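Visitor: Sequence order for the protein chains is A and B. Numbering-wise (my numbering), the first sequence opens with residue 189 and increments by one. Numbering-wise (my numbering), the second sequence opens with residue 504 and increments by one. For glycine and all other residues, C-beta sits at the position ideal for the given N, C-alpha and C. A quick note: this is a predicted structure, and the numbers were derived from the prediction, not measured. Below: one structure in structure tokens.
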Amino acid sequence: MVTMPPSTQPAISIRNVRKTFGPKVAVTNMDLTVDTGSTVAFLGPNGAGKTTTIRMIMSIIFPDHGELSVLGKKSAVESKDRIGYLPEERGVYKKMKVGAFLAYMARLKGLPDRQIKGLVSDWLAKVGLSDCEKKKCEELSKGMQQKVGFVAAILHNPDLVILDEPFSGLDPVNASLMRHLVDEMKRAGKTILFSTHVMAHAEALCDHVLMIHKGDKVLDESMDSIRSKLDPRTVLVEPLVKTRVADGTVASLALLVTAQRLSEIRDIERVVPSIRQGGTLEVTVAEGTDTQEMMRTIAAAVPIRRLELRRVSLEDIFISLVGADGVDVGDDEDEGGDVREAAEGGVKGSIVGE
Amino acid sequence: MLRTFHVAVREFISTALTRGFIFGVFVLPVMIFFIAIAAKAIIGDGPKLSGTLLIADMTTGQQIAPLIEARFDPAKQEAAAKEKIAKARQMAKDKVKELGLPEEATEALNNPMAQQALEGAMAGPMIIARRIEPGADIEKLKDSLKPSERKSLSDKGQSEAGAQASPVALVVVNDSALKADASGQFGGYELFTIPKLDFQIQGDISSTVSQSVIDARIAGSDLKDQAARIRAMLARPAADVKSMTNEGAKSSAGDISMLLPVAFMLLLWISTFTAGQYLLTTTIEEKSSRVMEVVLSAVSPMQLMVGKILGQMGVASVLMLVYLGAGVGSLAVFSFMHLIDPASIALLLVYFFIAFFLIACMMAAIGSAVTDLREAQSLMTPVMLVMFIPLMLWMPISRNPNGMFATVCSFIPPISPFVMVIRIPAAAGSVPVPIWQIALSIAVGLASVVVACWAAAKIFRIGVLMYGKPPSVGTLIKWIRMA
């Protein structure tokens, strides 16, 4: 693998870009930058404008106004050979043979003929489809076609890789294979921008998060700073209940008793029991309270088996930023406000029971 | 550009190198040819009916019956058929020699299938004439021609010999046919046939009987010594039609020269529309299988569209050249080459490119805008309505190639190439289409190609990634006007 030469120039830079489709505003005055060599997760609910933004980056559609630069060029058209793009809507030529299809895509990306044959079989071996080279694409299962599409996107060893929902529709084994390939590209110094709905993938792979909602950027931070900025306020408490397992009713009763006792402690805002997770209590601490002190207080108040400060996951952030509003399309409230305030609104009232 | 070329190559290969296409282009015409031969053999077999012609001779002295019987002499009929076959063979042999083909070419005539076809085509029906004794019941004989009677006859297990003897017609000749009345007019005769007797056989019978009646009239008159002269004078004079071309007098090929304009137009229509249809289908396929955006990650929409159009141009050219080659080749075989002016073929090719690009642009635009073939139909309807104009109006245009209507149609963009390829060969015989009209129609054509490409590129760029509700014609126009 070739390592990218160090460069100060961002791989993608978008300035004040706006795109409308008729009356519908898909992207509102967006600014964003993807640094060379970084792996960026591009998040947002359905219809947020992710695919539109990515298509504008790829110069497949053009912004109404604003400036774009991709790999230092005004338009991706000039540097398409250095970009690997896996669209959300990815298909294959059904009647074409797998090998021929990949060779065609490689040729379109400007690879010389003499390299193509070996490259195609290498890649097919890598994704476990060696025996499919001579098969027609329509004979392949959906998941296999996904892998063929993935190979088609990256077989020309691009410097910038843009993946729109790369793991959707794959079983866990193949998803982890794809993740491994993305990780490999990351280690080779490629710039990677990928959109996903699976927060676990984003958390595991990316070092920067871009989140958009209703065409607007709502989050643009590195993974580290997100983690440090959102101080944890949830404590997981697993009470020591002797009669657990044997009788579910007794166990839940004991859990509720513990919950009642905890909720009487000052500065504890809410206690949510969850039997499904083996009988744990999610304790939300009031804002500005020292969580370390609070954990000691809890340990003193009730007998516990496990006490854990829950780290904020990307999923929580996602829900907090787009929240219930992500479902309610009619709401025009400004989402760019305090993350914590939104978080409260998002999780409110979710009593998890059986 | 290299990518456009790769797209074009893929487009061509995926369309032209499929079993369906090869079958359509090469096998279908060959099959039609063989079916035509087979059909001809079958038709040739058709009137090969045998049966009896009953003659009720009511004339005094029964002068007619022997004359008719003599003409239907079986031995004579067979000899005539054999002579016809031999003549046809000789003609074929002469043709082979004339064209300088190897002698073996005539061997083809000896294979059993050709032999059968030839005999089928040449051999006439076998009709035996039988005289009815005077005083026989005419009504009963008439009844014997009814289907119910004939059926009962064959039900009785009559063999082929019996079938041969079964009556197919009854001719009743009265004295009035031979004797002129006071005003010098002769009477006619009655012919009763089985229902649905082949018109050819019926014609044969009636002309033979008529000839016999004339013979009898002459024989019964004072001019009987002059019979041969009278018959010669009665023969219809044959016209020897020659058309005066620049190369001198040539045998007229009236029908074929009439067909040339429509052949040119159909050639243009079929080749451009077939490729246009393919372009429409492949574009819709790329959209519905969602491979479009994958391809667009490597090429621009413009490159993709141009590549696809060029690829299909290859397909259209293959169709054009194969059919044009076959057409010109067969004209050469029948030495009608003088009918085709090389310049008109060159112009046909020019108009072919104009027509192809116009249609391809329309198809690319429609294909990019819809998601499946069904949705394409509603957008195709206006296109097809316009494109059917030359198909429907070729007759008036080719009969009056320099008329007002034809001239005006020559400058209306989508149909102008089709109208011109009708006009040019149609007018070649008389007043050729003025050069300025040809030049103007090409100029209009090229200008419309530029406009069509520009509009198609706009629609294509927006349409390729549009899914959902199919756009209306109005929406398409809006897309064109968008920056």
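Answer yes if the region 378-394 of chain A comes into contact with the region 230-249 of chain A, meaning at least three C-beta pairs across the two stretches below 8 Å, and no otherwise.
Guide: In short, these stretches touch, since the Cβ pair count reaches three.
Visitor: With the cut-off set at 8 Å, would you say B:Val967 and B:Ser881 are in Cβ contact?
Guide: Their beta carbons are not under 8 Å apart, which means B:Val967 does not touch B:Ser881 by this criterion.
Visitor: Does the Cβ of A:Trp311 have 16 or more other Cβ atoms within 10 Å, making it buried, or fewer, making it exposed?
Guide: With 16 or more other Cβ atoms within 10 Å, it is buried.
Visitor: How far does the alpha helix (DSSP H) with A:Leu428 in it reach, from first residue to last?
Guide: Segment: none, A:Leu428 is in no alpha helix (DSSP H) and carries neither H nor E.
Visitor: Return the CA-CA distance between B:Ala672 and B:Phe908, expressed in angstroms with no decimal places.
Guide: Their Cα atoms are separated by approximately 53 Å.
Visitor: Among residues of its own chain, excluding the 5 on either side of A:Lys261, which ones have a beta-carbon nearer than 7 Å to its beta-carbon?
Guide: Only Ser267 meet the Cβ criterion.
Visitor: Compute the Euclidean distance between the alpha carbons of B:Leu952 and B:Val889, then round it to the nearest angstrom.
Guide: The identity of residue 952 of chain B in the sequence shown is Val, whereas the question assumes Leu. In a straight line, the C-alpha of B:Val952 is about 16 Å away from that of B:Val889.
Visitor: Who are A:Phe209's beta bridge partners in DSSP?
Guide: A:Phe209 is bridged to A:Lys212.
Visitor: Determine, using beta carbons only, whether A:Gly337 comes closer than 8 Å to chain B.
Guide: For A:Gly337, the answer is yes, since a Cβ of chain B falls inside 8 Å of its Cβ.
Visitor: Which residues, in chain order, does the region 792-815 of chain B contribute to contact with chain A at a C-beta distance below 8 Å?
Guide: Hits within the stretch, in order: Ser792, Arg793, Val794, Met795, Glu796, Val797, Val798, Leu799, Ser800, Ala801, Val802, Ser803 and Pro804.
Visitor: Please check the pair B:Val510 and B:Val853, which I expect to be a contact at CB under 8 Å, by giving their CB distance rounded to whole angstroms.
Guide: Actually they are not in contact, since the Cβ atoms of B:Val510 and B:Val853 sit about 25 Å apart, beyond 8 Å.
Visitor: By DSSP, does B:Tyr461 sit in helix, in strand, or in coil?
Guide: Summary: the structure shown does not reach residue 461 of chain B, with chain B confined to residues 504 through 986, and so no result is reported for it.
Visitor: On the three-state DSSP scale, how would you describe B:Val675?
Guide: Strand.
Visitor: Of the residues that make up the region 268-281 of chain A, which ones have a beta carbon closer than 9 Å to any beta carbon in chain E?
Guide: Going by chain labels, chain E is absent from the structure shown, which instead holds the protein chains A and B.
Visitor: Under 8 Å, Cβ to Cβ, is there at least one residue of chain B near A:Ile249?
Guide: Closer than 8 Å to some Cβ of chain B, the Cβ of A:Ile249 qualifies, so yes.
Visitor: Can you look up A:Glu353 in the DSSP assignment and give me helix, strand or coil?
Guide: In the structure shown, A:Glu353 sits in coil (DSSP, three-state: anything other than H, G, I, E or B).
Visitor: Which complete beta strand (DSSP E) runs does the region 717-794 of chain B hold, if anything under 3 residues is left out?
Guide: Within the region 717-794 of chain B, the complete beta strand (DSSP E) runs of at least 3 residues are 745-748 and 751-754.
Visitor: So, helix, strand or coil for A:Gly514, using DSSP?
Guide: For A:Gly514, the predicted structure reports a pLDDT of 46, less than 50, and the residue's modelled location is therefore unreliable. A value from the coordinates is still provided. The answer is helix: DSSP assigns A:Gly514 an H, G or I state.
Visitor: Can the beta-carbon of B:Gln815 be found less than 8 Å from the beta-carbon of B:Ala778?
Guide: Yes, Cβ-Cβ distance for B:Gln815 and B:Ala778 is below 8 Å.
Visitor: Within 8 Å of any Cβ in chain B, is that where the Cβ of A:Ala214 sits?
Guide: No - not a single Cβ of chain B is within 8 Å of the one on A:Ala214.
Visitor: In angstroms, rounded to a whole number, what distance separates the CA positions of A:Asp219 and A:Gly254?
Guide: One C-alpha to the other measures close to 9 Å.
Visitor: Name, please, each residue of chain A whose Cβ falls closer than 9 Å to the Cβ of B:Ser517.
Guide: The contacting residues are Tyr281, Lys283 and Met284.
Visitor: Identify the contact partners of A:Ala340 in chain B, using a Cβ-Cβ distance below 8 Å as the criterion.
Guide: Going along chain B in sequence order, the residues near A:Ala340 (Cβ under 8 Å) are Val797.
Visitor: To be precise: take each residue of the region 376-402 of chain A, compare its Cβ to all Cβ atoms of chain B, and keep it if any distance is under 9 Å. Which residues remain?
Guide: So nothing in the stretch comes that close.
Visitor: Hey, could you find the ends of the beta strand (DSSP E) A:Ile380 is sitting in?
Guide: Counting along the chain, the beta strand (DSSP E) containing A:Ile380 begins and ends at Thr379 to Ser383.
Visitor: Give me the chain A residues within the contact set of B:Arg506, using Cβ-Cβ distance strictly less than 7 Å, ordered along the chain.
Guide: Simply Leu296.
Visitor: Taking C-beta pairs closer than 7 Å, name the residues in chain A that B:Arg513 reaches, listed in chain order.
Guide: Ordered by position in chain A, the residues that pass the 7 Å Cβ test against B:Arg513 are Tyr292.
Visitor: Under 8 Å between the Cβ atoms of B:Thr696 and B:Leu648?
Guide: A contact, by the Cβ cut-off of 8 Å.
Visitor: Decide if the region 732-747 of chain B is in contact with the region 569-589 of chain B; the criterion is three or more beta carbon pairs, one per stretch, under 8 Å apart.
Guide: No, the region 732-747 of chain B does not touch the region 569-589 of chain B.
Visitor: Looking at the structure shown, is B:Thr978 part of a helix, part of a strand, or coil, going by DSSP?
Guide: Here B:Thr978 sits in helix by DSSP.
Visitor: Evaluate A:His368 with the Cβ neighbour count: other Cβ atoms within 10 Å of its Cβ, from every protein chain shown; 16 or more gives buried, anything less gives exposed.
Guide: The residue is exposed, with fewer than 16 neighbouring Cβ atoms inside 10 Å.
Visitor: With DSSP as the reference, label A:Thr472 as helix, strand or coil.
Guide: It is a strand residue.
Visitor: Would you decide whether A:Gln197 is buried or exposed? Buried here means 16 or more other CB atoms lie within 10 Å of its CB.
Guide: Under this definition A:Gln197 is an exposed residue.
Visitor: Between the beta-carbon of A:Thr172 and the beta-carbon of A:Leu497, is there less than 8 Å?
Guide: It is not possible to answer for residue 172 of chain A, since the shown part of chain A is limited to 189 through 542.
Visitor: Name the chain A residues whose beta carbon is nearer than 8 Å to that of B:His509?
Guide: Simply Tyr292, Arg295 and Leu296.
Visitor: Threshold first: 4 residues or longer. Then list the alpha helix (DSSP H) segments lying entirely within the region 905-972 of chain B, N to C.
Guide: Correct list: 907-912, 919-931 and 938-966.
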